[in-house]
Each structure stands twice: as C-alpha cells, then as structure tokens.
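Trainee: Counting in numbering that gives the first Met the number 0, the sequence shown runs from 0 upward without gaps.
Just so it is clear, CB atoms sit at the ideal spot from N, CA and C, and this is done for glycine as well.
Remember, it's a predicted structure, so these values are computed and weren't measured experimentally.
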Amino acid sequence: MKNCMAILCLSLLLPGPAIAQDMPYAREVVQTLASESFQGRGYVGYGNKRAAEYMCSQFEQIGLKPLKKSYIQPFTTPVNTFPGKMELTLDGSEKTPGIDFLIDAGSPGIQGTYHTVTLTIEQMLDLNRLTAQLKTASGKFLVIPAYNKDDYSKEQQSQIADVINFVKYGKDCPAAGSIVCTNDKLTWDASTTRSLKPSFTIVNDSTHLNIQEVKVDVENTFIPKFESQNIIGYTEGENPDSLIVFVAHYDHIGMMGESTIFPGANDNASGVAMLLNMAKYYQTKKPKYNMVFIAFGGEELGLVGSKYFVEHPLFKLSKIKFLINFDLAGTGEEGIQVVNGKQYKDRFDRLVEINKDHNLLAQVKIRGEACNSDHCLFYMKKVPCFFIYTLGGIKAYHDVFDKSETLPLTEFEDYFKLVTLFVNGL
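1) Quick one: what does DSSP say L322 is sitting in, helix, strand or coil?
2) Which term fits C172, buried or exposed, when burial requires 16 or more other beta carbons within 10 angstroms of its beta carbon?
3) Pick helix, strand or coil for C180, following the three-state DSSP scheme.
4) Whole angstroms are fine: how far does the CA of G331 sit from the CA of V28?
5) Can you list, in chain order, the residues of its chain with a C-beta nearer than 7 Å to that of Y281? Leave out the 5 residues immediately preceding and following it.
6) Can you confirm whether N358, when its beta carbon is compared against all beta carbons of chain B, has any partner nearer than 9 Å?
7) Near A369, what residues of its chain come up, given a Cβ to Cβ distance below 7 Å and the 5 sequence neighbours on each side ignored?
8) Comparing alpha-carbon positions, which option in G176, K315, C180, N371 lies nearest L300?
9) I'd like to confirm the pairing. Which residues does DSSP put opposite P383 in its beta bridges?
10) Among Q72, A131, Q155, D21, whose alpha-carbon lies nearest the alpha-carbon of V303?
11) Looking only at its chain, what residues have a beta carbon closer than 7 Å to the beta carbon of A145, apart from the 5 residues adjacent to it on each side?
12) In chain order, what residues of the same chain lie with their CB nearer than 7 Å to the CB of F421, ignoring the 5 residues before and after it?
13) Apply the 10 Å Cβ neighbour rule to A160 and answer buried if 16 or more other Cβ atoms are within range, or exposed otherwise.
14) By a C-beta neighbour count over all protein chains shown, 10 Å radius and 16 as the cutoff for buried, is E298 buried or exposed?
15) Restricting to Cα atoms, I'd like to know which of L32, F37, C55 is closest to A278.
16) For L360, I'd like the list of residues in its chain whose CB is within less than 8 Å of its CB, leaving aside the five on either flank, ordered along the chain.
17) Report yes if the C-beta distance between K167 and S190 is below 9 Å; otherwise report no.
18) Since H248 is in the beta strand (DSSP E), which residue starts that stretch and which ends it?
19) I believe A140 touches V213 by the beta-carbon criterion, under 8 Å. Please report the beta-carbon distance rounded to the nearest angstrom.
20) Taking just the CA atoms, how far does S177 sit from S157?
21) Give the DSSP-derived three-state secondary structure of D161 in the structure shown.
22) Cα-Cα, which of I120, D216, N164 is closest to L89?
23) Strictly by DSSP, which residues pair up with D216?
24) At which residues does the beta strand (DSSP E) containing L101 begin and terminate?
25) Is the separation between the beta-carbon of I323 and that of F225 shorter than 9 Å?
26) Closer than 7 Å by C-beta to F165: which residues in its own chain qualify, once you throw out the five before and the five after it? Chain order, please.
27) Ordered along the chain, which non-local residues of its own chain (more than five positions away) have a Cβ less than 8 Å from that of D240?
28) Can you tell me where the alpha helix (DSSP H) holding K355 begins and where it ends?
29) Would you call L242 buried or exposed, if buried means 16 or more other Cβ atoms sit within 10 Å of its Cβ?
30) For P440 and T283, I'd like the C-alpha separation in whole angstroms.
31) Check whether the segment 108 to 128 touches the segment 252 to 265, counting contact only when three or more Cβ pairs, one atom from each stretch, lie closer than 8 Å.
32) At which residues does the alpha helix (DSSP H) containing E310 begin and terminate?
33) Tell me the residue span of the beta strand (DSSP E) that contains S190.
34) What does DSSP give as the partner residue(s) for I201 in the beta ladder?
35) If you run the structure through DSSP and keep just helix, strand and coil, what is P23?
36) Taking all protein chains shown into account, do 16 or more other C-beta atoms lie within 10 angstroms of the C-beta of Q211, making it buried, or fewer, making it exposed?
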C-alpha cells in the first residue's frame, strides 16, 4: 500500500501526461539498419535501396501519409565504389581492410607490386629536398610516416597537409600511389569523384618504419548516376499552414571491398530510430501543426539528398515553423550539442529551461552554425532549425566498429522527451 501511495503521489507531481516512446522499437530499428544484410546502407550492392524500402515500410506501418503519390523522392548522384577485391600487402604482410588500413574514398582501382620511396616530414618542410625526393618516386609508392602534430607549428602543419594532398591528388606527382601512416583512428568516407591514383591510410606501428614493397589488388567502379532517394511522409495537424519538420539521414558509407562493412549504428541508424519514434508519437496525437518526417539519402556524399530536396521542395519552405535534424543520437552520457543554438538563442534557451525543469540530460551545449549535416541546406534558405547530436560514450564513427551491439542509446529516452516537450511548446 505504501508503494502504491508513493506512486500516486509521484504521479500527481508530474507536469502533465507522460511522453512515452518505444525503446524496444528504437533498438530494433538500429539493429535492422546496422545489420550485415543492409551492407552499410551505401553504394555497393543493394544496401541503399534496401534501407529506403525499409523506411517506406516503417512510414506505412506507422500510418504516415505521402506528400505525393509515393513516399519516395528519387535523385541521382555520382559515387565512387569498391565492390570487389580490397587487398594490401606490405613486405609480405597482408593487412586487414577497415582494421589496418583504409583506401581513400576517391581512389581508382589498382593491381600490382611496387617498390617504395619514403617521404619524411623534414623533406616535406624543405622545398629543395622535397623536389629531389619526388623525382625518385616515379612509378613507385610514396610512403609518408606518421608524425605528432604537436611537434610542429600551425604553419608547418599546413605545409605538411598541402604536401600530403599533392602526393595523394596532384596530377604532377610522379608516384603510382601513396601510403600515409597515421596515429589517429581510421575514419572512412564516401566520394562523388575519382582521383588519378590510389592512396591508402594505414595504422602506424613499428613494422611500417621501413616499408620496401607494396602489393595491391583493388577493384573499383565509378557510377556517374547512382539512383538514390529521399523518403518523406507526414501526419496532419490542426494548423496545416505551418509545418514542424523532423529529418535524419538513413544512408551510410557502405562497403570497402566485398567483405568490409561500415554498419553505421550511431551514424545514423540512431537518428533514424529517433525520427521513427517521433513519427509514432505524433501519429497518435492531434498535433498543433502538420508534422513532416524526412529520411534523407546521400548525406554521406555531401548532403546530396537534402540539397536535392531544397532545390525541389514538395512544399513551400517558408511554411516550416521549425526543423530538427537528428544525427548521431545513440549516446548522451555528456548531454547534447545544439548546432545553430547561437543563431536561434531564444529557442535554445527554451531547450535549456525544459531540460533543467525536467532534469533530463547532463547538459544542453550551445554551438554556432555548421554545415555538417542535412539541416544546413534549410538553414541557408532561412529556415529556423537545429541540428542536435549526443555527446560522450563510444567513439566509433565512420569505422567498422560502429555496431548496434555496442551502441548504448544511453539517453535516448530523455533526449526524446526533451525534443517533444520543446516541439509541443512551439
């Protein structure tokens, strides 16, 4: 009886009806999108298309309406892909893709065995020595050792970066390819272009101090018009003349070769899980405004899907009262960061106030504008918007370790509550 009375008293203290969301469903979404069968939701195989089909099925099950005849807004984009062999052997030691090395996302294919020339940091900082060493690199692989950036001035760091870019992409560099050793974690990407010669980044260790021979076998396909799509649905509100828009990109960087998958659990299956949970929540309500939900494709290729949508909008962008972009929603031990918080300070202050009143997240941290996710193209069109991402926890990002089984979704529930309380007050 005491427990029942305590629960009753606590319920009387709660500020209005509870805002619920479905954690098992959120985990199911992340597990599904980050599974091997979705192939990293990229541009090799059927991963991107399967992810789009999954999004359509979820929108339909939730009960969202399409803005047109279909949820799908198709677009095309160039993309550089690696659908087959991905082999790198250094002095007889075969390296594991995604663990020991990455290929530059814009690299062409290559096959063969090559001698090497080492290009030291000291040579890179001396034009005469650099020129002399480059002359010896014709038809060979240039190897650039790892270095500690803190040992060099900002001017020297800039010069080193310029030389590395020349080695990797310069048409006048005589080398057949390059290997860049790094002390940093391996972080891959996707590319809409293909460069003239291949470049690899490898994890630094003592065996890479004097590489003599490089054996490579990489298959590459450049697709000028890869078919992708945005997925868009909405639920009706009391005031159809104004829109609240939630967005998240469902694509990721896919596969590097025939067996190395980048699962993309935090980036951005977690954001999609938040988007779909928002859709489920507002579908059961009668919201004040029409609620639009957009799952963008092509974000990892440079915001391609959101750029296409802004250039070919399915409604007047001026009708958007506010837009929230979910990207990297899977942790939160240290709270959240709000891009555009400085630009929309009154709205940001309201987020902080709600968070404090309801004791939700460790912090709501302000940040200025940044064109680093799908909100950017809307912001450039004067649409008021936030891009929110979680802070703390696991560091897996654009690597083979961003898996569903290690993604904690630590503050997913409180993050959801914060956003819904904020949106319901607009």
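Mentor: Walking through what the data contain:
1) What you label residue 322 is simply residue 323 of the sequence shown in a count that begins at 1. In the structure shown, L322 sits in a strand (DSSP, three-state: E or B).
2) Numbered from 1 along the sequence shown, position 173 holds the residue referred to as residue 172. Flag for C172 reads buried.
3) Position 181 of the sequence shown holds residue 180. It is a strand residue.
4) Locating residue 28 in the sequence shown gives position 29, where the first residue counts as 1. Locating residue 331 in the sequence shown gives position 332, where the first residue counts as 1. The straight-line gap from Cα to Cα measures roughly 18 Å.
5) Here residue 281 is taken as the residue at index 282 of the sequence shown, counted from 1. Only T234, M290 meet the Cβ criterion.
6) Of the protein chains in this structure there is only one, and it is not chain B.
7) Indexing the sequence shown from 1 puts residue 369 at position 370. These residues qualify, in order along the chain: V338.
8) Here residue 300 is taken as the residue at index 301 of the sequence shown, counted from 1. The candidate whose alpha carbon is nearest that of L300 is N371.
9) The residue labelled residue 383 in the question sits at position 384 within the sequence shown. Answer is none; P383 lacks a bridge partner.
10) Taking the sequence shown and counting its residues from 1, one reaches residue 303 at position 304. Measuring from the Cα of V303, the nearest candidate turns out to be Q72.
11) What you label residue 145 is simply residue 146 of the sequence shown in a count that begins at 1. Within the same chain, A145 has close Cβ partners C180, T181, N182, N203.
12) Residue 421 sits at position 422 when you count from the first residue of the sequence shown. Cβ neighbours of F421 beyond the five flanking positions: R349, L350, I353.
13) What you label residue 160 is simply residue 161 of the sequence shown in a count that begins at 1. With fewer than 16 Cβ atoms within 10 Å of its Cβ, A160 is classed as exposed.
14) Residue mapping note: residue 298 aligns to position 299 of the sequence shown, counting from 1. Label assigned to E298: buried.
15) Here residue 278 refers to the residue found at position 279 of the sequence shown. Residue C55 is the option with its Cα nearest to A278.
16) Residue numbering aside, residue 360 sits at position 361 when the sequence shown is read from its first letter. Cβ within range, chain order: G331, G334, I335, N354, E410, D413, Y414, L417.
17) Here residue 167 corresponds to residue number 168 of the sequence shown, with the count starting at 1. Here residue 190 corresponds to residue number 191 of the sequence shown, with the count starting at 1. Contact: no.
18) Taking the sequence shown and counting its residues from 1, the one referred to as residue 248 is at position 249. It spans 238 to 248 - the beta strand (DSSP E) in which H248 sits, taken as one unbroken run.
19) The residue labelled residue 140 in the question sits at position 141 within the sequence shown. The residue labelled residue 213 in the question sits at position 214 within the sequence shown. Strictly speaking, residue 140 in this sequence is Phe, with Ala absent from that position. Confirmed, about 5 Å.
20) Within the sequence shown, the letter at position 158 stands for residue 157. Within the sequence shown, the letter at position 178 stands for residue 177. So the two alpha carbons sit approximately 19 Å from each other.
21) Within the sequence shown, the letter at position 162 stands for residue 161. Looking at D161 - three-state DSSP - the assignment turns out to be helix.
22) Here residue 89 corresponds to residue number 90 of the sequence shown, with the count starting at 1. For the residues I120, D216, N164, the minimum Cα distance to L89 belongs to D216.
23) Working through the sequence shown from its first residue, we reach residue 216 at position 217. Bridge partners of D216: E86, Q110.
24) The count along the sequence shown starts at 1 and reaches residue 101 at position 102. From DSSP, the beta strand (DSSP E) with L101 extends over 100 to 102.
25) Taking the sequence shown and counting its residues from 1, one reaches residue 323 at position 324. Taking the sequence shown and counting its residues from 1, one reaches residue 225 at position 226. No, the Cβ-Cβ distance between I323 and F225 is not below 9 Å.
26) As a position in the sequence shown, residue 165 is number 166, starting the count at 1. C172.
27) Here residue 240 refers to the residue found at position 241 when the sequence shown is read from its first residue. So the qualifying residues of the chain are K318.
28) Locating residue 355 in the sequence shown gives position 356, where the first residue counts as 1. It spans 344 to 357 - the alpha helix (DSSP H) in which K355 sits, taken as one unbroken run.
29) By one-based count along the sequence shown, residue 242 stands at place 243. When all chains shown are included, L242 counts as buried.
30) Outside the modelled stretch of the chain, which goes from 0 to 425, sits residue 440, for which no answer is possible.
31) no
32) As a first step, residue 310 must be located in the sequence shown, where it is residue number 311. Per DSSP, E310 belongs to the alpha helix (DSSP H) from 303 to 310.
33) One-based indexing of the sequence shown puts residue 190 at position 191. Careful: S190 lies outside any beta strand (DSSP E) and carries neither H nor E.
34) What you label residue 201 is simply residue 202 of the sequence shown in a count that begins at 1. F100, C180, per the DSSP bridge assignment.
35) Counting from 1 along the sequence shown, the entry for residue 23 is found at position 24. Looking at P23 - three-state DSSP - the assignment turns out to be helix.
36) Taking the sequence shown and counting its residues from 1, the one referred to as residue 211 is at position 212. Exposed, since its Cβ has fewer than 16 Cβ neighbours within 10 Å.
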